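Since the structure comes first, as structure tokens, the remarks are kept for the end.
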Amino acid sequence: MHLCMASSSTAIIILMIFLFISNNIVNATTSANLPKGDMDLLEFPLNLEYFEAEYFLFGSTGKGLDSIGPDLAAGGPPPVGAKQANLSLVVKDIITQFAYQEVGHLRAIKKTVKGFPRPLLNLSAGSFASVMNAALGNPLSPPFNPYANDINYLLSSYVIPYVGLTGYVGANPKLESPDSRKLVAGLLGVESGQDAVIRALLYERANEKVVPYKLNVGEFTQKISQLRDKLGNNGVKDEGLKVPMELGAEKKVAGNVLAGDPESLAYGRTPQEILRIVYGTGKEQVPGGFYPKGGDGVIAKSFLKRGSI
């Protein structure tokens, strides 16, 4: 009897070791089969995915990756200033769904490339207030608080996820492997859906004032989009919820629930443009804003090294 139990225990241990080794071999093989350029481009968006996962998790549940998926955080520093937002039941439900979708995105990318630990993120109210001040051209009084209510949280959610979407569009034609393109297509599909939902919720409220400020929701989105274009420094790749008729779809509408180029195709951005925007400095080699110490990964680090020379 004891011999049988010992044999069973030994078999279980051997099976667990085999599964662990097999899983690591599969992951290593996946990365090894990808061109170096693909691996760099696939790990870069982890910077944005970490941001979105943490912001949506904290905003909806009051907890972040350290509670939900500590293996994904990989020992990276906890985000600064993140907290639960004061959301209605519907918006909280939507943001919770987004949050767990972002956790899935992190897992999908890290199954394909090794990636890196969570970078330091500044998700404090002050960090978002600085973005809004820059967008509007003057300090808001009282300072903008993204965690205060539905509208503020949705406006703050408008700030970053769309940038990640444009990054996937920009990266896709540069990828060589069909596996890489398949992954990015899958990520882009859900990111686009999230952006569409955020824009639709805001579009419904486009004419509402953002209390206690003078501007309405639509005007806020226009200012945020203009700031992103200015920081990205590579033409118009961003549009608010309402545009002049000549910029609307087929020049027939002023409503702009989805942003797109003259042929209603999604805009693409380079890693340089993305870093300029999320750092808030307009320079890919100068960190700041939501990323006090800069992004991680081969691409982001290469620009940081140039800035230190």
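Residues -28 to -1, 1 to 281 in mature numbering (1 follows the signal peptide of the UniProt record, and there is no 0) are what the sequence shown spells out, letter by letter.
Cβ coordinates follow ideal geometry from the N, Cα and C atoms, glycine included.
Every value quoted in this text rests on a predicted model; they were computed, and no experiment measured them.
Residue span of the alpha helix (DSSP H) that contains residue i, given as start and end
i: N124; result: D122 to V131
i: residue 282; result: Within the shown structure, residues of the chain are numbered from -28 to 281, placing residue 282 beyond reach of any answer.
i: D167; result: P150 to E176
i: D65; result: L61 to T84
i: G190; result: V189 to G204
i: V250; result: P243 to Y251
i: D12; result: K8 to E15
i: E24; result: L18 to T33
Those residues which DSSP pairs with residue i across a bridge
i: V52; result: N94
i: G260; result: Y263
i: K214; result: G227
i: K146; result: Bridge partners of K146: none, in fact.
i: K181; result: N188
Beta carbon of residue i nearer than 7 Å to that of residue j
i: F30; j: A54; result: yes
i: P259; j: F16; result: no
i: L13; j: A143; result: yes
i: D10; j: E163; result: no
i: Q166; j: P133; result: yes
i: L199; j: G254; result: no
i: G240; j: V156; result: no
i: V229; j: R171; result: yes
i: A231; j: K214; result: no
i: H77; j: E26; result: no
i: S128; j: F100; result: yes
i: G220; j: Q194; result: no
i: F88; j: G269; result: yes
i: A71; j: S32; result: yes
Chain C within 7 Å of residue i, Cβ atoms only
i: A97; result: No chain C is part of this structure, which consists of one protein chain only.
Under 8 Å, with one C-beta from each stretch per pair, do the region 78 to 95 and the region 263 to 278 reach the 3-pair mark? yes
Taking 8 Å as the threshold, find out whether the region 98 to 112 comes into contact with the region 65 to 78 through three or more Cβ pairs. no
Across the region 184 to 193 and the region 239 to 249, are there enough close Cβ pairs to call them in contact, namely three or more that are closer than 8 Å? no
Should the region 204 to 218 be regarded as contacting the region 114 to 125, the criterion being three or more beta carbon pairs within less than 8 Å? no
Can we say the region 37 to 57 touches the region 173 to 182, given the rule of at least three CB pairs closer than 8 Å? The region 37 to 57 is not in contact with the region 173 to 182.
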